[in-house]
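What follows is one structure encoded as structure tokens, with my remarks underneath.
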Amino acid sequence: MAAPRLYETDILRRAAGNTLRPGGLTLLQEGLQRVNWPAGTRVLDIGCGTGTTAAYLRQTQSLQAIGLDLSEQLLAEGAAANPGLPLIRSRAEKLPIADGSLDGMTCECVLSLVNDPLGTLREFSRVLKDGGQLLFSDIYRRRNITNQELPDNCCFAGATSRERLLDWLHKAGFTVQLWQDRSHLLAELAARLAWQNGSLIEFWSQFAANGDGRPMQQAVKAMRPGYCLVVAAKQG
């Protein structure tokens, strides 16, 4: 039996809330202060989950926000909680969006989950207007080692280094306007997960095929995960 997707579990939601990521809406609010999105701006939230960010952008910022996610489970929950909220089921790697039709995009804890991050960033660039901004946050590796102990559906497994992430953005046609390290938010989430599950080893044990979370925890510790907030604009 396949291990559950971490982002679809109540285990993560109890610790991270409905946004399912470090920092939650507080970090989003800080990021919004660094982008130029007036009321009416058309924004796509990639990896929207239950639509918490998309709903927030519409209700508090008056943006034309749309949510997109691959998880049927999370989208169904979002549709039930926010009837009328525009939600799309699709992969981030192949967006059902016309070229140059978006003013902005949010993407939180998604790039570390896709199979082709550079191709995905190029897809983001395709649908953005020239000068359109990408606001994203994600896990990155502060020690760039290779390990095989992490499940494929875990963002730690797909995390890359700061240098490679910046290189991907450049190759995809973006100019980085902001890079901030917010690793303390990841540490705070880890502390909540440890508290709620007894320890981080016990947390990872719930996703290990043999029930032993020690190799996973050791692999995470070895990579020294960090968390970043980034704003990048499509070159044009």
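Be aware that the sequence shown starts at 1, since it is given in UniProt numbering, and climbs by one per residue. Just so it is clear, CB atoms sit at the ideal spot from N, CA and C, and this is done for glycine as well.
In chain order, what residues of the same chain lie with their CB nearer than 8 Å to the CB of residue i, ignoring the 5 residues before and after it?
i	result
T53	T19, L25, L28, D45, A65, G67, T106, E108
Rank the options by C-alpha distance to the C-alpha of residue i and give the top, closest one.
i	options	result
R164	W204, S90, S199, L121	L121
R21	L186, M223, L200, V231	L186
G132	V176, D116, G47, V114	V176
A233	V220, L32, G226, L128	L128
R126	A55, F174, V230	F174
Q180	C154, V231, A39	V231
D116	G158, S199, L229	G158
Considering only residues of the same chain and omitting the five flanking positions on each side of residue i, which have a CB-CB separation below 6 Å?
i	result
D138	C109, L111, S112
G51	G67, G78, N82, L85, L87
G236	D130, G131
Within its chain, find whatever has a CB closer than 7 Å to the CB of residue i; leave out the 5 residues flanking it on each side and keep chain order.
i	result
G119	E93
S161	Y140, R141, N144
Using the C-alpha atoms, what's the distance from residue j back to residue i?
i	j	result
L75	I97	18 Å
L193	A222	18 Å
Q73	S90	13 Å
L70	L57	20 Å
E188	A39	33 Å
L63	V43	7 Å
Based on DSSP bridge pairs, tell me the residues matched to residue i.
i	result
L135	T106, V231
A65	V43
G226	Y140
Validate contact between the stretch 96-106 and the stretch 207-219 using beta carbons, cut 8 Å, 3 pairs: no
The stretch 164-184 contacting the stretch 199-207, beta-carbon criterion three pairs below 8 Å: no
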